Amino acid sequence: MTSSARRRGLFAALTAALLFGFFSVSSPAPANAGITSTERAVIKWINADREARGLRALRPWTGLYDIAEMRAKRMAAANVMSHTISGNLGSQLTGYGVRYYSKGENIAYTSRYTGLDAAKHIYRMWKASSIHWAQMMSRKFNYVGVGLSYRSSNNRTFAALVFTESPDHTRPNAWITGASRSGRDITWTWRGTDVPLQTHTSGFRDFDIQYRVDGGSWNLVRNNITATTLTARDRAGGHTYSIRVRGRDKAGNVGVWSAASQVAVP
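Under the numbering used here, think of the first position of the sequence shown as 976, with each following residue one higher.
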């Protein structure tokens, strides 16, 4: 075959890939490896491009990673690139307890690249397809997961990228912003925020406050409050006093406790 014929053949193969949505991707992913650096890179680039277009980041979701990995493994086992060979996506989402209003999936495979070069290649290819680009730049999806699976018999790595538009289940953030002492009185301040999603951000609601003396047990002293300051008056000398806070959003998601803020009273 002449070099010209080879070029025409490669062009025809690429055109078919663009029409049917099947692309080359990714490096071999060992079983049960967790989220790989290649997978993280794909999500990072998606979100960088979303930010550049004024869109919110897609939030990674462990459930979607699990589903995407399962779907990639099924394609690799069958050596077939297909949205249907991996099973019914809606049923799988329901089975994993993923609530959603809408869903989407990009799929891919490669036998040409490994490591970071593979991640760059998949992203360039998906960006070249209006269908796949639209999914990644969606104005309704808010969560995402990606999975990769390697088939050693033909050196192919299969990939699945799963999107959902789902209710807000992301934990809000809360942190201490200040602590001061005036004589034996101690005042703390704090703030909180809900993590903004592309859609369905529930909004921040309130705080819980825990307090302790020296290294003792934490005790809940306030819950479900909207105040952002607390003054503990006339504390006994020779001790340290600490608080920590956590937030809650309007969907009922509860954040983790903040780092403690400690003040000593001499």
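Backbone N, C-alpha and C define an ideal beta-carbon position, used for all residues, glycine too. Since the structure is predicted, the reported quantities are computational estimates derived from the model, not experimental observations.
Within the region 1050 to 1095, the complete alpha helix (DSSP H) segments at least 4 residues long are 1064 to 1070, listed from N- to C-terminus.
Partner residues in the beta bridge of residue 1122, as assigned by DSSP, are 1135. Taking the Cβ atoms as the reference, residue 1169 lies roughly 5 Å from residue 1147, within the contact range of under 8 Å. Annotation: residue 1103 to residue 1062 spans about 27 Å, alpha carbon to alpha carbon. Per DSSP, reduced to three states, the secondary structure at residue 1020 is helical. Your pair residue 1101 and residue 1117 does not check out as a contact, with CB atoms roughly 19 Å apart and the cut at 8 Å. Shown here for residue 1108: same chain residues with a beta carbon closer than 7 Å to its own, the five before and five after excluded, namely 1101 and 1102 in chain order. Annotation: the continuous alpha helix (DSSP H) that includes residue 1105 extends over 1105 to 1111. In terms of CA proximity to residue 1241, 1216 leads the group 1235, 1233, 1223 and 1216. When C-alpha distances from residue 1166 are compared across 1085, 1221, 1070 and 1051, the shortest belongs to 1221.
Under the three-state reduction of DSSP, residue 1041 is assigned to helix.
Nearest in C-alpha terms to residue 1173, of all of 1027, 1022 and 1031, is 1031.
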